[in-house]
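Under this note's numbering, think of the first position of the sequence shown as 4, with each following residue one higher. Beta carbons: idealized from backbone N, C-alpha and C, even for Gly. Nothing here was measured: the structure is a model prediction, and the numbers come from that model. Notes for the one structure printed next.
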Amino acid sequence: MNAGNHEAAMAIALEEARAAEGHGDVPIGAAIFREGELLARAGNERELRRDPTAHAEVLAIQAAAEVLGGWRLPETTLYVTLEPCAMCAGAIVLARIPRVVYGTADPKAGAAGSVLDVLREPALNHRPEVVAGVREAECATLLREFFASRRG
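Below is the structure:
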């Protein structure tokens, strides 16, 4: 996928992030595409579901697996507004997602190179391609403003 397609796909993830913020969750969104077709989209629902595992990536992976009828997600790209955490990176590896595109790095919990690098761990049997920094400023601003409003 070219940069323009990455930008357009990340726009879907950003829509999901804004929807998550609307119900009190940290504004993180994800979308999964295969060959240009949107398979699944989700935003964080930890607060909504009272579930610590209800991250946008996990919910999108579950929805895409349902659409495809299996747990492997070949030929897909996961777009997410924030660098995946260790749990989500593990789910990405287990689902065999070949490409991950994220918006902004997570210096506190990122597992695609910031704190850990689960997605490039040589001991694991699957290592997706990682593209960082797509619509980075927009993704970072959304999170920064969310947390600033909580502190203010």
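- Secondary structure within the segment 102-140: the beta strand (DSSP E) runs of 3 or more consecutive residues, fully enclosed, are 102-107 and 132-135 (chain order).
- Cβ neighbours of residue 28 within its own chain (closer than 8 Å, five residues either side excluded): 46, 47, 48, 49, 50 and 51.
- For residue 46, the enclosing beta strand (DSSP E) begins and ends at 40-46.
- Counting other Cβ atoms within 10 Å of its Cβ, residue 132 stays below 16 and is therefore classed as exposed.
- The beta carbons of residue 37 and residue 69 sit about 14 Å from each other, so the pair does not count as a contact at 8 Å.
- Closest option to residue 33, judged by alpha-carbon separation, among 26, 53, 126 and 12: 12.
- In the three-state reduction of the DSSP assignment, residue 151 falls in the helix class, which pools H, G and I.
- The three-state reading of DSSP puts residue 37 in strand, counting E and B together.
- Between residue 90 and residue 152, the alpha-carbon positions lie close to 27 Å from each other.
- By the criterion of a C-beta distance shorter than 7 Å, residue 41 is surrounded in its chain by 15 and 34, once the five residues flanking it on both sides are discounted.
- Secondary structure note for residue 96: its alpha helix (DSSP H) is the uninterrupted segment 89-97.
- For residue 119, same chain residues with a beta-carbon under 7 Å away, outside a window of 5 residues either side, are 89 in chain order.
- With contacts defined as CB atoms closer than 9 Å, residue 6 and residue 84 fail to qualify as a contacting pair.
- Rounded to the nearest whole angstrom, the CA to CA distance from residue 110 to residue 117 is 5 Å.
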